[in-house]
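The opening position of the sequence shown corresponds to residue 1 in full-length UniProt numbering, with each subsequent residue numbered one higher.
Quick reminder that beta carbons are idealized off the backbone N, C-alpha and C, glycines included.
Have a look at the structure below before the remarks.
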Amino acid sequence: MPQHRTITILDEEIKPGESKTINMEIARLYTMTKLKIPIIVERSKIDGPVVLFSAGMHGDEINGMEIVRQLIVRHINKPKIGTIICIPVINVFGFVNKSREFPDGRDLNRVFPGSRNGSLASRFAYYILKEVIPNVDYCIDFHAGGASRFNAPQIRIVPGNEELKKLSDVFNAPFTLYSKNINGSFRNSCDRLGVKMLLFEGGKSLDINDDITQHGVRGAKRFLAHFGMLDDSKKVPVAERPSIYINDSTWIRARHSGLFQNKTMAGEFVKKGEVIACITDPFGKFEKKVKAPNTGYIINSNDSPIVYQGDAIFHISQRMV
């Protein structure tokens with residue numbers, strides 16, 4: 001029997017078979033009010049992998065928080081073997097303000113690996129990598145689309161990594177997008193530290209969509225079952241079809257400003273030349289059709305009723321494998 005590793009977060013040790021919630025307190029509001037970030041740890045008595053489910057890197061991406069919340073409330077986070085760590089809300093400051101950014105105006109997902117003595121966001125990034133990630137083998141980080149743009153449920157992985165490809169197959173989101181790591185991102189830092197991460201995108205900011213939530217929960221259950229971590233009382237969901245892998249995609253941008261009449265939902269398959277939306281003025285002077293530039297899947301759709309010229313209104317796949 002392999003020896004259990006020691007799991008210590010913020011000087012608190014979590015022993016095999018133990019459940020513990022550790023409150024991460026790094027800073028306060030300017031009112032001196034403490035803000036706690038709960039880190040919920042569940043350890044089995046049987047040794048195994050350590051999986052992190054995280055959400056709320058951007059404070060307005062609530063759908064990801066709901067996915068992790070359901071993993072907790074449905075006791076999916078109680079592992080048969082190994083350890084499951086849940087952080088439902090990383091950017092609690094942004095969550096309180098219904099904002100994507102930290103109070104210092106920075107995007108937390110662009111300041112990793114952070115600095116102990118840097119900006120507020122940078123300090124949070126530093127402590128997440130220092131205190132949590134050294135314990136983790138695998139991570140699924142849940143996100144949503146910003147600025148009223150609705151993402152079809154998808155996993156994002158770097159191209160050329162066969163292990164991540166296999167894990168994405170296991171999770172089996174409707175779509176998988178190949179995308180390079182971005183400097184300063186949580187995903188990039190985890191990759192450098194040897195943590196295998198799947199980044200889930202689904203839904204839009206300041207919204208909870210049950211279909212997106214269930215895609216995330218089902219994928220997480222399949223992921224845990226793959227490692228033998230899912231409790232026997234939990235049923236492993238059967239995927240409807242294999243994930244559609246997308247190598248290339250492009251943004252369709254509005255050619256006119258006006259009222260946006262969206263006719264196409266995220267996830268739909270469209271053909272080249274098909275009318276997928278209309279842009280009109282509020283005075284009945286013009287109506288401009290928006291046509292699909294190529295055949296493919298709409299993987300992101302703008303839900304805003306008003307757009308400006310140049311706004312991203314659809315994200316469409318170009319090359320699939």
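Alpha helix (DSSP H) segment containing residue i, residue limits
i	result
Gln-70	62-73
Ser-122	120-127
residue 322	Residue 322 is absent from the structure shown; the chain starts at 1 and stops at 321.
Arg-28	Unbroken run through Arg-28: none, as it is neither H nor E.
Ser-168	162-171
Ala-220	210-226
Expected contact under 8 Å - CB spacing of residue i and residue j to nearest Å
i	j	result
Leu-230	Lys-80	6 Å
Arg-43	Thr-83	5 Å
residue 403	Leu-52	Absent from the model: residue 403. The displayed extent of the chain is 1 to 321, so no value can be given.
Met-320	Ile-246	5 Å
Ala-266	Ala-152	4 Å
Leu-108	Arg-156	17 Å between Cβ atoms; not a contact.
Pro-242	Asn-172	7 Å
Arg-149	Lys-204	6 Å
Ile-9	Glu-163	The Cβ separation is near 25 Å, so there is no contact.
Gly-106	Ser-119	According to the sequence shown, residue 106 is Arg rather than Gly. Yes, Arg-106 and Ser-119 are in contact; Cβ-Cβ is about 6 Å, under 8 Å.
8 Å CB neighbourhood of residue i in its chain, flanking five on each side removed
i	result
Phe-261	The sequence shown places Gln at residue 261, rather than the Phe named in the question. Closer than 8 Å at Cβ, skipping near neighbours: Ala-277, Cys-278, Ile-279, Thr-280.
Thr-264	Val-270, Ile-276, Ala-277, Ile-298, Ser-301, Phe-314
Gly-36	The residue you asked about is not Gly; residue 36 is Lys in the sequence shown. If we look at Lys-36 and ignore the five residues flanking it on each side, its Cβ neighbours are Asn-23, Met-24, Glu-25, Val-92.
Asn-77	Ile-40, Glu-42, Phe-53, Leu-71, Ile-84, Cys-86
His-215	Pro-153, Ala-173, Pro-174, Gly-202
Leu-193	Leu-129, Ile-133, Pro-134
Lys-12	Per the sequence presented here, residue 12 reads as Glu, with Lys not at that position. Cβ neighbours of Glu-12 beyond the five flanking positions: Lys-20, Ile-22.
Asn-181	Val-158, Arg-187, Asn-188, Asp-191
Own chain, CB closer than 6 Å to residue i, minus 5 neighbours either side, in chain order
i	result
Ile-87	Ile-39, Ser-54
Phe-227	Pro-49
Pro-2	A caution first: Pro-2 carries a pLDDT of 48, below 50, which makes its placement in the model unreliable, though a value can still be read off. Correct list, in chain order: Asp-47.
Arg-5	none
Tyr-297	Phe-269, Ser-317
Pro-16	His-4, Arg-43, Lys-45
Ile-14	Ile-7, Lys-20, Val-41, Arg-43
Cutoff 7 Å; reference residue i; Cβ partners in own chain excluding five residues on either side
i	result
Ser-189	Phe-112, Pro-113, Leu-129
Gln-309	Ala-254, Arg-255, His-256, Ser-257
Ser-168	Ile-155, Ile-157, Thr-176, Leu-198, Ser-243
Phe-95	Gly-56, Gly-59, Val-89
Ala-225	Val-236
Start and end residues, beta strand (DSSP E) containing residue i
i	result
Val-92	Run containing Val-92: none in the beta strand (DSSP E); it sits in the alpha helix (DSSP H), 92-97.
Asn-262	258-262
His-143	138-145
Pro-38	37-43
Pro-153	149-157
Glu-12	12-14
Ala-55	50-55
Gly-202	196-204
Glu-287	287-291
Asn-300	296-302
Met-320	312-320
Tyr-308	Careful: Tyr-308 lies outside any beta strand (DSSP E) and carries neither H nor E.
Leu-177	175-178
Ile-133	Per DSSP, Ile-133 belongs to no beta strand (DSSP E) and is neither H nor E.
Asn-77	Looking at the DSSP string, Asn-77 is not in any beta strand (DSSP E), and its letter there is neither H nor E.
Asp-248	244-253
Reference residue i, options the options, closest by Cα
i	options	result
Gly-56	Ala-27, Ile-140, Ile-76, Asn-161	Ile-140
Glu-101	Ser-119, His-58, Lys-78, Pro-242	His-58
Lys-196	Asn-77, Pro-153, Val-136, Arg-106	Val-136
Gly-273	Phe-286, Pro-282, Pro-293	Pro-293
Val-89	Ile-182, Ile-62, Gly-284	Ile-62
Glu-287	Asp-311, Leu-259, Pro-305	Leu-259
Glu-240	Ile-7, Val-170, Ser-99, Asp-11	Val-170
Thr-213	Pro-305, Ala-144, Asn-181, Ala-125	Ala-144
Tyr-138	Leu-29, Ser-185, Asp-191	Asp-191
Ser-185	Tyr-126, Thr-33, Tyr-30	Tyr-126
Ser-233	Glu-18, Arg-28, Tyr-30, Arg-74	Arg-74
Tyr-178	Thr-250, Val-217, Phe-223	Thr-250
Val-290	Lys-235, Gly-284, Phe-283, Val-307	Val-307
Thr-295	Met-32, Asp-248, Lys-34	Asp-248
Lys-165	Phe-223, Ile-182, Thr-33	Phe-223
Pro-103	Arg-218, Leu-29, Asn-183, Ala-147	Leu-29
Phe-142	Lys-34, Ile-182, Gly-284, Val-217	Val-217
- Query: Any chance the segment 199-209 sits against the segment 62-82, with 3 or more Cβ pairs inside 8 Å?
  - Reply: yes
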